[in-house]
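Asks: Chains as they are written, first to last, in our numbering: chain B, 1 to 329; chain Y, 1 to 316.
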Ligand SMILES: Nc1ncnc2c1ncn2[C@@H]1O[C@H](COP(=O)(O)OP(=O)(O)OP(=O)(O)O)[C@@H](O)[C@H]1O
Ligand SMILES: Nc1ncnc2c1ncn2[C@@H]1O[C@H](COP(=O)(O)OP(=O)(O)OP(=O)(O)O)[C@@H](O)[C@H]1O
Ligand SMILES: [Mg+2]
Ligand SMILES: [Mg+2]
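Pasting the structure below:
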């Protein structure tokens, strides 16, 4: 990666573990990631790859006692977040960095109306606004996420799964953050509402230069919406680059190639889907060599013992021995 | 011909809310044959989950009938409910909140078996749990873990295992794969289809993913604000989508290649849909580019070609 300029968010060699009663789960291993102002980066990877753990680490919201950052650094505008006093972290969270949680009920209070919960965010971040201005803003946000404002007096349990998620999105966006960590924000939404929400995030980005880390498993969303993409596997970035470079589908990490291969296609009919054979290695076991080698059709003897370095060509990085000494990708 | 596995007749579900009556499900008629899958798609909040829950009597219907092999399950008394649970199950939309966080994986899967009294002894139950876990691709060493220690893929398999545990004939799958990445998604879909072949299961499959629905369904029902707007065989629906909402939906599917980057996006415009005290006439009208006065009148479902129904006075 380009080391010269300071990015908005810089994650280096991040290692995160969950220490449970009977094992240590190595959720994130030696992971690097950069995000610039105004950039939208897709973060894709298998379930259990450590995507949510990564986002929680940035906000320092890992589950207490169990979750530990075992190494590495996370810098925001050049400042180390891992050493920042909790009081300053508190000021960053919500206002400058917003997160859309994967599970909407993490952010919603079941005993408050949805309108009050959006209002709460405004009270916190825009104390200078008048009451009418805030009410008008709540109505505007609800309309933007496709829910009639007249329903602001409803409680979360009166909403569908996707409607709850849209309220959480409204709460995250109304704060006008500099960095948005969006963990599967549109999975519960149909494609027309999804398009509307992604458009909304795009407008936010254009207006406030917001940087977005978009965690998703929908490669279509990445292709249409992101500037750059990082593919994570077993807590490591195995491929990164511009969306153009990665989705050209000429040169990919074997795992990324496998992901492309198992998407059901709207155009042709396959009787059976082709999942990548095997399953992700147990994160409780520390690995030697390449973390993907058990499932890789191209695995060589060396892959079992030597972890591949990140081979970078014109900003497109692939952590695979196949790409060593190659200058053509 | 024998009765379909599951059929609904003019099924309605309304909710009373502070601002009026919310029409979540309006006169839905569907039929699912044995061993077949009906895909249900539609806008977020249009009533898909409510329809599923109402069919399974997880909430009372406002009106209409739900027939299981010809028998109206809405008429079942309390003592018949066990029979309903043995035949009809649901995999819930939300793998986070639908699993009790205080129960181990083993106990979560044993619970429905105990509720339905299928086995007499603890030993039999335990053996069955082991079989079901194996069948759903859950490694045995997860049995003593709790839901929060699992990733989304395994959590969703636990939800599926709970539904499968009592060997039902009909399963409502509410977004069973939307929280999963494409590879695990493919594994679960293959698993569902294998189980269907083996056991002649019928599914009602709710999803936002049109690629998935196309892959798994025999027929598809498209809903908009509580109503069925289009109903057809899968291949027919994708070849000839007629309702303007169905067309908008197909148009909006993101594709995992570079062809559609930076293209003009036509998101649906117009007022947001509000299911509270809806006006008569077409409910899609405020957002429809073809709408005119005619659309204020009734727009019932019409059969425009054999087996292809559409509710739009501008088509067919
Ligand atoms: N509280 C916890 N205790 C123990 N292990 C955990 C905990 N939270 C997560 N893990 C484990 O850490 C690993 C990474 O989980 P994480 O939730 O970050 O994955 P993810 O990439 O977000 O997956 P998904 O796509 O399913 O959301 C998984 O193996 C998961 O089981
Ligand atoms: N318990 C309830 N009380 C009041 N209204 C409810 C209740 N449950 C659902 N609704 C309303 O019924 C409508 C349909 O909700 P439902 O959950 O069935 O939608 P859905 O199609 O499953 O949406 P999604 O795709 O977002 O899950 C929504 O407007 C919702 O707010
Ligand atoms: Mg996650
Ligand atoms: Mg739903």
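Don't be surprised by glycine CBs; every beta carbon is placed ideally from N, CA and C.
Any contact of the segment 204 to 222 of chain B with the segment 168 to 188 of chain B, i.e. 3+ C-beta pairs under 8 Å?
Replies: Because the criterion of three Cβ pairs below 8 Å is met, the segment 204 to 222 of chain B and the segment 168 to 188 of chain B touch.
Asks: In the DSSP assignment, find the unbroken alpha helix (DSSP H) run with residue 234/Y in it and report its ends.
Replies: Mapped onto the second chain, residue 234/Y falls at position 234. Where residue 234/Y is concerned, the enclosing alpha helix (DSSP H) stretches over 234 to 239.
Asks: Spatial neighbours of residue 50/Y within its chain, please: C-beta separation below 7 Å, excluding the five flanking residues on both sides.
Replies: The sequence position of residue 50/Y within the second chain is 50, counting from 1. Cβ within range, chain order: 13, 24, 25.
Asks: Grouping DSSP H, G and I as helix and E and B as strand, with all else coil, what is residue 87/Y?
Replies: In the second chain, counting from the first residue as 1, residue 87/Y sits at position 87. DSSP places residue 87/Y in helix when its eight states are reduced to three.
Asks: Mind checking if residue 260/Y is an interface residue toward chain B, Cβ cutoff 8 Å exclusive?
Replies: Within the second chain, the letter at position 260 stands for residue 260/Y. Yes, its Cβ sits closer than 8 Å to a Cβ of chain B.
Asks: Within this structure, are the beta carbons of residue 152/B and residue 114/B separated by less than 8 Å?
Replies: Looking up residue 152/B in the first chain gives position 152. Looking up residue 114/B in the first chain gives position 114. Contact: yes.
Asks: Confirm the yes/no value for this check: CB of residue 102/B, any heavy atom of ligand 1, distance under 7 Å.
Replies: Working through the first chain from its first residue, we reach residue 102/B at position 102. Under cutoff, so the answer is yes.
Asks: Taking 8 Å as the cut-off, does the segment 63 to 73 of chain B touch the segment 228 to 246 of chain B (at least 3 CB pairs, one atom from each stretch)?
Replies: Segments in contact, no.
Asks: Name, please, each residue of chain B whose Cβ falls closer than 8 Å to the Cβ of residue 184/Y.
Replies: Sequence index remark: in the second chain, residue 184/Y carries index 184 (1-based). Here the neighbours are 46, 47, 275.
Asks: Is residue 319/Y near ligand 4 - that is, is its Cβ less than 7 Å away from at least one heavy atom of it?
Replies: Because chain Y in this structure spans residues 1 to 316, residue 319/Y falls outside the shown range and cannot be described.
Asks: By DSSP, does residue 299/Y sit in helix, in strand, or in coil?
Replies: Looking up residue 299/Y in the second chain gives position 299. Looking at residue 299/Y - three-state DSSP - the assignment turns out to be coil, as it is neither helix nor strand.
Asks: For the pair the segment 254 to 261 of chain B and the segment 273 to 283 of chain B, tell me if three or more CB-CB distances fall below 8 Å.
Replies: The segment 254 to 261 of chain B is in contact with the segment 273 to 283 of chain B.
Asks: Is residue 31/Y helix, strand or coil when you go by DSSP?
Replies: Residue mapping note: residue 31/Y aligns to position 31 of the second chain, counting from 1. Strand, per DSSP.
Asks: Strictly under 8 Å for the Cβ-Cβ distance: is residue 284/Y near chain B by that measure?
Replies: Start at 1 with the first residue of the second chain, and residue 284/Y comes out as number 284. No - not a single Cβ of chain B is within 8 Å of the one on residue 284/Y.
Asks: Contact defined as beta carbons within less than 8 Å: I believe residue 138/B pairs with residue 108/B. What is the distance between those atoms, to the nearest angstrom?
Replies: By one-based count along the first chain, residue 138/B stands at place 138. By one-based count along the first chain, residue 108/B stands at place 108. About 15 Å separates the two Cβ atoms, so there is no contact after all.
Asks: Cβ closer than 7 Å: which chain B residues qualify as neighbours of residue 149/Y?
Replies: As a working mapping, residue 149/Y is identified with position 149 in the second chain. Result: 20.
Asks: Is there a C-beta anywhere in chain Y that falls below 8 Å from the one on residue 299/B?
Replies: As a working mapping, residue 299/B is identified with position 299 in the first chain. No - not a single Cβ of chain Y is within 8 Å of the one on residue 299/B.
Asks: By the criterion of Cβ-Cβ separation under 8 Å, what are the contact partners of residue 191/B in chain Y?
Replies: On the first chain, position 191 is the one that residue 191/B refers to. Under the 8 Å cutoff, chain Y gives 208, 210, 249, 252, 253, 254.
Asks: Figure out for me which residue from 9/Y, 42/Y, 31/Y has the closest Cα to the Cα of residue 246/Y.
Replies: For this step, residue 246/Y is matched to residue 246 along the second chain. Minimum Cα distance to residue 246/Y is reached at 42/Y.
Asks: Could you confirm whether any beta carbon from chain Y is found closer than 8 Å to the beta carbon of residue 154/B?
Replies: To locate residue 154/B, count along the first chain from 1; it is residue 154. Yes, its Cβ sits closer than 8 Å to a Cβ of chain Y.
Asks: Taking 7 Å as the cut-off, is the CB of residue 309/B close to at least one heavy atom of ligand 5?
Replies: In terms of ligand content, the structure shown lacks ligand 5 and carries ligand 1, ligand 2, ligand 3 and ligand 4 instead.
Asks: Check whether the segment 94 to 106 of chain B touches the segment 164 to 180 of chain B, taking contact to mean three or more Cβ pairs, one atom from each stretch, closer than 8 Å.
Replies: Touching, yes, given that three or more Cβ pairs across the two stretches are closer than 8 Å.
Asks: Pair every Cβ in the segment 194 to 214 of chain Y with every Cβ in the segment 29 to 48 of chain Y, then say whether three or more of these pairs are closer than 8 Å.
Replies: Touching, yes, given that three or more Cβ pairs across the two stretches are closer than 8 Å.
Asks: For chain Y, check one thing: does any of its Cβ atoms lie closer than 8 Å to the Cβ of residue 105/B?
Replies: Mapped onto the first chain, residue 105/B falls at position 105. Yes, residue 105/B lies at the interface with chain Y (some Cβ there is under 8 Å from its Cβ).
Asks: Report the partner residues of residue 204/Y according to the DSSP bridge assignment.
Replies: Here residue 204/Y is taken as the residue at index 204 of the second chain, counted from 1. DSSP, once it has assigned bridges, lists 38/Y, 172/Y as partnering residue 204/Y.
Asks: Okay, do the segment 106 to 121 of chain Y and the segment 165 to 173 of chain Y touch, 3+ Cβ pairs below 8 Å being the bar?
Replies: A contact exists between the segment 106 to 121 of chain Y and the segment 165 to 173 of chain Y.
Asks: On the DSSP bridge assignment, give the partners of residue 74/B in chain order.
Replies: Position 74 of the first chain, counted from the first residue, corresponds to residue 74/B. In the DSSP output, where bridge partners are listed per residue, residue 74/B has 11/B.
Asks: Rounded to the nearest angstrom, what separates residue 64/Y and residue 96/Y at their Cα positions?
Replies: On the second chain, residue 64/Y is found 64 positions in, with the first residue counted as 1. On the second chain, residue 96/Y is found 96 positions in, with the first residue counted as 1. Approximately 32 Å between the Cα atoms of the pair.
Asks: Report the residue from 107/Y, 161/Y, 149/Y whose alpha carbon sits nearest the alpha carbon of residue 133/Y.
Replies: In the second chain, the residue the question calls residue 133/Y occupies position 133. The residue with the shortest Cα to Cα distance from residue 133/Y is 161/Y.
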